[in-house]
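Chains as they are written, first to last, in our numbering: chain A, 819 to 944; chain B, 1266 to 1659.
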């Protein structure tokens, strides 16, 4: 049995939405290098719609695949929908993750929520 | 495909395989049986014992066959601890980067009232003999230091440590799982009292190994139930595995110098090539290391991703990252030589054989360079390092 599902490997080998958005208006970074996973999400939100999303990830195969899948799941979606993204949904979309890798999907959820939080707090100050 | 994980396990040699099959097919008797095929199996077993003993400079009766390196480590340490306890000595000296078969056994002994001193292995991954001597106390019953480290390949000053132990009357055990069959070992010259080895690390089969215990050292059983192995390890002997191990070891020992020289050449070519990757570092002493061991840390990337992408390129290797260990902490070996967590996660071990061509070595260098560069291209840590937000460590 392979370590990961084909879906995980496919996203790991060809990650979607990799990179940086220079004029992002919501950025979230979670995880820490000590534990071996860091995810950074960049959002470009206009009219409460996620127009663009990109990520940078330092981490294992499932961390990279989870980031990639999570960005696909929220791209073009209203903020209200992105807020409801759960780690289970990310893991399911990847046809499952090994139990000890579930925290990678949690990080993806947290990174998106952190970026949305950042966007919201900017709205307050701008 | 380039198999570069020989420290994890090796492919069985043809000689070992042929021996194993022929013993299974034709020599299936129980060595404890008195009829002919039983006695024939007994003979095979004792020939294997003599062959193994000869390779490491021991007497046949000093060799006990086990299920592998871990069992040998457990039994060696348990035995020394029991001998110590009887004499009121409950202190053991070891090092911080031993194999878990040693460290976990020591942890258990601590719960039974033993005190354990784990020596520093310093930046180069080598124990200092003078620190071994300084750690030995009146109540020290055992020093256990590995012959060569399984992750970073550093070879320990075994003879010096052996001399010190002999001088102080302390038993000396060495986990030589990575060394046997790869570098010449002589238990008498090295003043080794107990030594563990595992067949599948030198082209023998899995599930078989041996413990050398110098004559006169009373072993404690881990397995009770029969008179096999002089009563020290119950259970019908794994005759095919043991005979195959002996065949593999004889073959390895017969060409040990040539093989080592050839492998060192390839190793150093690989080390030179990988050193050109910016912000990378070789783990462990560059010279005092196993002929086939290459271990690097690359800043800004994580080891598991590196392994998966190298696998796609047909290169099979291993890493000390947390994700490959199934825990949150990276390898205790890399932490012991002072690599911080961030860097230890980005480690790569390539354990090679001398039969690789220069072209294959160069392909490995190119592949690792490409993959590291690719993973760094979207690593937030690498971005912070390159933009000066965080200082480079390597």
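Yeah, the Cβ is synthetic: ideal placement off N, Cα and C, and Gly gets one too.
Computed from a prediction, not measured in an experiment: that's the story for all the values here.
1. Return helix, strand or coil for residue 1277 of chain B, following the three-state DSSP convention.
2. In chain A, which residues lie with their C-beta within 7 Å of the C-beta of residue 1643 of chain B?
3. Can you list, in chain order, the residues of its chain whose CB lies under 6 Å from that of residue 1511 of chain B, leaving out five sequence neighbours each side?
4. For residue 1339 of chain B, is the classification buried or exposed, using 16 other Cβ atoms within 10 angstroms of its Cβ as the cut-off for buried?
5. Beta-carbon separation of residue 1477 of chain B and residue 1452 of chain B under 7 Å?
6. Are the beta-carbon atoms belonging to residue 1401 of chain B and residue 1435 of chain B less than 7 Å from one another?
7. Just how far apart, CA to CA, sit residue 1348 of chain B and residue 1406 of chain B?
8. Could you give the residue range of the alpha helix (DSSP H) that holds residue 873 of chain A?
9. Comparing C-alpha positions only, which one of B:1344, B:1413, B:1281 and B:1635 sits nearest to residue 1482 of chain B?
10. Could you run through the region 1540 to 1569 of chain B and flag, in chain order, every residue whose CB is less than 9 Å away from some CB of chain A?
11. Tell me, to the nearest whole angstrom, how far the beta carbon of residue 911 of chain A is from that of residue 868 of chain A; I am working on the premise that it is less than 8 Å.
12. Is residue 1266 of chain B buried or exposed, if buried means 16 or more other CB atoms sit within 10 Å of its CB?
13. Taking 8 Å as the threshold, find out whether the region 1553 to 1566 of chain B comes into contact with the region 1615 to 1633 of chain B through three or more Cβ pairs.
14. By Cβ distance, which residues of its chain are closer than 7 Å to residue 1388 of chain B, with the 5 residues on each side in sequence left out?
15. Spell out the partners DSSP gives residue 862 of chain A in its beta bridges.
16. Is the Cβ of residue 1580 of chain B closer than 7 Å to any Cβ of chain A?
17. By the three-class DSSP mapping on this structure, what secondary structure does residue 1379 of chain B have?
18. Short check: CB of residue 1624 of chain B to CB of residue 1278 of chain B, under 7 Å?
19. Note down, one range per segment and in chain order, each beta strand (DSSP E) of at least 3 residues found wholly within the region 1340 to 1400 of chain B.
20. For the region 846 to 860 of chain A, list every residue whose C-beta sits within 7 Å of some C-beta in chain B, in sequence order.
21. Are the C-beta atoms of residue 879 of chain A and some chain B residue less than 7 Å apart?
22. How about residue 1607 of chain B: is its C-beta nearer than 7 Å to some C-beta of chain A?
23. As a quick exercise: from A:909, A:934 and A:931, pick the residue whose alpha carbon is nearest that of residue 922 of chain A.
24. Would you call the region 885 to 895 of chain A and the region 860 to 876 of chain A in contact, with 3 or more CB pairs under 8 Å?
25. Report the CB separation of residue 1418 of chain B from residue 1554 of chain B in whole angstroms; it is logged as a contact under 8 Å.
26. With distance defined between alpha-carbon atoms, name the residue in B:1656, B:1645, B:1286 and B:1518 nearest to residue 845 of chain A.
27. What separation, rounded to the nearest whole angstrom, lies between the Cα atoms of residue 1342 of chain B and residue 1286 of chain B?
28. With 7 Å as the threshold, decide whether the Cβ of residue 1215 of chain B is near any Cβ in chain A.
29. Excluding the 5 residues preceding and the 5 following residue 1428 of chain B in the sequence, name in chain order all residues of the same chain whose CB lies nearer than 7 Å to its CB.
30. Taking the alpha-carbon of residue 1412 of chain B as reference, which of B:1323, B:1543, B:1363 and B:1374 has the nearest alpha-carbon?
31. Can you name the start and end residues of the beta strand (DSSP E) that residue 1405 of chain B belongs to?
32. Could you say which of B:1438, B:1432 and B:1609 lies nearest to residue 1360 of chain B if we only look at CA atoms?
33. Give the single residue among B:1397, B:1634, B:1336 and B:1271 whose Cα lies nearest to the Cα of residue 1538 of chain B.
34. Assuming residue 1564 of chain B and residue 1650 of chain B are in contact, meaning their beta carbons sit under 8 Å apart, how far apart are those beta carbons, in whole angstroms?
35. Using CA coordinates, which residue listed in A:859, A:827, A:843 and A:838 is at the minimum distance from residue 849 of chain A?
So, to answer that:
1. Within the second chain, numbered from 1, the residue matching residue 1277 of chain B stands at position 12. DSSP, read as helix, strand or coil, puts residue 1277 of chain B in coil.
2. Here residue 1643 of chain B is taken as the residue at index 378 of the second chain, counted from 1. Residues of chain A whose Cβ lies closer than 7 Å to the Cβ of residue 1643 of chain B are, in chain order, 836, 837, 874 and 875.
3. Reading the second chain from its first residue, position 246 is the one you call residue 1511 of chain B. Excluding positions up to five away in sequence, the list reads 1313, 1316 and 1317.
4. The residue you call residue 1339 of chain B lines up with position 74 of the second chain. It counts as buried.
5. Numbered from its first residue, the second chain carries residue 1477 of chain B at position 212. Numbered from its first residue, the second chain carries residue 1452 of chain B at position 187. Yes; because the gap between Cβ atoms is below 7 Å, this pair is in contact.
6. Taking the first residue of the second chain as 1, we reach residue 1401 of chain B at position 136. Taking the first residue of the second chain as 1, we reach residue 1435 of chain B at position 170. Yes; because the gap between Cβ atoms is below 7 Å, this pair is in contact.
7. Counting from one through the second chain, the residue named residue 1348 of chain B turns up at place 83. Counting from one through the second chain, the residue named residue 1406 of chain B turns up at place 141. In this structure, the CA atom of residue 1348 of chain B is about 8 Å from the CA atom of residue 1406 of chain B.
8. In the first chain, residue 873 of chain A corresponds to position 55, counting from 1. Where residue 873 of chain A is concerned, there is no enclosing alpha helix (DSSP H), although the beta strand (DSSP E) it sits in stretches over 867 to 876.
9. Along the second chain, read from residue 1 onward, the residue named residue 1482 of chain B stands at position 217. Considering only B:1344, B:1413, B:1281 and B:1635, the residue with the shortest C-alpha distance to residue 1482 of chain B is B:1344.
10. Answer in chain order: 1565, 1566, 1567, 1568 and 1569.
11. On the first chain, residue 911 of chain A is found 93 positions in, with the first residue counted as 1. On the first chain, residue 868 of chain A is found 50 positions in, with the first residue counted as 1. The distance from the Cβ of residue 911 of chain A to that of residue 868 of chain A is about 17 Å, inconsistent with a contact at the 8 Å cut-off.
12. Numbered from 1 along the second chain, position 1 holds the residue referred to as residue 1266 of chain B. Taking every protein chain shown into account, the CB of residue 1266 of chain B has fewer than 16 other CB atoms within 10 angstroms, so this residue is exposed.
13. Under the 8 Å Cβ criterion, the region 1553 to 1566 of chain B counts as touching the region 1615 to 1633 of chain B, having at least three qualifying pairs.
14. Position 123 of the second chain, counted from the first residue, corresponds to residue 1388 of chain B. The residues are 1602 and 1603.
15. Taking the first residue of the first chain as 1, we reach residue 862 of chain A at position 44. Beta-bridge annotation (DSSP): residue 862 of chain A is paired with A:870.
16. Counting from one through the second chain, the residue named residue 1580 of chain B turns up at place 315. Answer no: the Cβ-Cβ gap between residue 1580 of chain B and chain A never drops below 7 Å.
17. Counted from its first residue, the second chain places residue 1379 of chain B at position 114. It is coil, neither helix nor strand.
18. Here residue 1624 of chain B refers to the residue found at position 359 when the second chain is read from its first residue. Here residue 1278 of chain B refers to the residue found at position 13 when the second chain is read from its first residue. Cβ distance not < 7 Å, so residue 1624 of chain B and residue 1278 of chain B don't count as in contact.
19. 1356 to 1360 and 1380 to 1384, all fully within the region 1340 to 1400 of chain B.
20. If the cut-off is 7 Å between Cβ atoms, the region 846 to 860 of chain A has 847, 851, 852, 853, 854, 856 and 858 near chain B.
21. By one-based count along the first chain, residue 879 of chain A stands at place 61. By this cut-off, residue 879 of chain A is an interface position.
22. Reading the second chain from its first residue, position 342 is the one you call residue 1607 of chain B. So yes, residue 1607 of chain B belongs to the interface.
23. For the purposes of this step, residue 922 of chain A is taken as the residue at position 104 of the first chain. Checking every option, the nearest Cα to that of residue 922 of chain A belongs to A:909.
24. As far as the Cβ criterion goes, the region 885 to 895 of chain A touches the region 860 to 876 of chain A, which means the pair count is three or higher.
25. On the second chain, residue 1418 of chain B is found 153 positions in, with the first residue counted as 1. On the second chain, residue 1554 of chain B is found 289 positions in, with the first residue counted as 1. That belief holds up - the Cβ atoms of residue 1418 of chain B and residue 1554 of chain B are roughly 4 Å apart, short of 8 Å.
26. Translated into positions along the first chain, residue 845 of chain A becomes position 27. Residue B:1645 is the option with its Cα nearest to residue 845 of chain A.
27. Taking the first residue of the second chain as 1, we reach residue 1342 of chain B at position 77. Taking the first residue of the second chain as 1, we reach residue 1286 of chain B at position 21. Linking residue 1342 of chain B to residue 1286 of chain B through their CA atoms gives a straight-line distance of about 34 Å.
28. A query on residue 1215 of chain B cannot be resolved here, the shown segment of chain B reaching from 1266 to 1659 and no further.
29. Within the second chain, numbered from 1, the residue matching residue 1428 of chain B stands at position 163. Taken in chain order, the residues that qualify are 1456.
30. Along the second chain, one-based indexing puts residue 1412 of chain B at 147. When C-alpha distances from residue 1412 of chain B are compared across B:1323, B:1543, B:1363 and B:1374, the shortest belongs to B:1363.
31. Counting from 1 along the second chain, the entry for residue 1405 of chain B is found at position 140. For residue 1405 of chain B, the enclosing beta strand (DSSP E) begins and ends at 1405 to 1409.
32. Here residue 1360 of chain B is taken as the residue at index 95 of the second chain, counted from 1. That would be B:1438, whose Cα lies nearest to the Cα of residue 1360 of chain B.
33. Sequence index remark: in the second chain, residue 1538 of chain B carries index 273 (1-based). Here the closest residue by C-alpha is B:1634.
34. Stepping through the second chain from its first residue, residue 1564 of chain B is reached at position 299. Stepping through the second chain from its first residue, residue 1650 of chain B is reached at position 385. Indeed they touch by this definition, with Cβ atoms about 6 Å apart.
35. On the first chain, position 31 is the one that residue 849 of chain A refers to. Closest option to residue 849 of chain A, judged by alpha-carbon separation, among A:859, A:827, A:843 and A:838: A:859.
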